[in-house]
Amino acid sequence: MFLIILLIWSFIKGIVCDVEMNLTHPLLNPIVYDKSIRSALNHRDVTNVSFDLSLAQLTDVDEKNLIITTK
Numbered sequence: 008m009f010l011i012i013l014l015i016w017s018f019i020k021g022i023v024c025d026v027e028m029n030l031t032h033p034l035l036n037p038i039v040y041d042k043s044i045r046s047a048l049n050h051r052d053v054t055n056v057s058f059d060l061s062l063a064q065l066t067d068v069d070e071k072n073l074i075i076t077t078k
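Below, the structure is given as structure tokens:
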């Protein structure tokens with residue numbers, strides 16, 4: 008049973024790594040990436056960028072000392 012779970016886990020882990028590499032490699036490859044291309048018609052226009060951040064596997068919160076521990 009343990010061997011079956013281990014094989015399934017390694018297969019899923021391999022698929023996730025391939026998907027991540029297929030996404031990041033073309034985007035960040037210095038040969039393909041062109042930093043002069045912008046998402047605006049005028050190069051002086053401001054481009055607003057926003058992103059979200061989330062914590063995974065939060066294990067401990069020390070509110071007094073303002074410390075968050077993650078795994």
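Quick note on numbering: the numbering used here labels position 36 of the sequence shown as 43, and the sequence is numbered without any gaps. Here a beta-carbon is modelled for each residue, glycine too, at the ideal position from N, C-alpha and C.
Taking the C-alpha atoms as reference points, what is the distance between GLN64 and THR54? For GLN64 and THR54, the distance between alpha carbons rounds to 33 Å.
Check VAL68 in the structure and name its three-state DSSP category. If DSSP states are grouped into helix, strand and coil, VAL68 belongs with the strands.
Distance check for PRO33 and ASP81, CA to CA, integer angstroms please. It is not possible to answer for residue 81, since the shown part of the chain is limited to 8 through 78.
Please say whether LEU62 and THR76 have beta carbons closer to each other than 8 Å? No, these two residues do not count as a Cβ contact at 8 Å.
How long is the line joining the alpha carbons of LEU10 and PHE58, rounded to whole angstroms? The alpha-carbon atoms of LEU10 and PHE58 are separated by roughly 40 Å.
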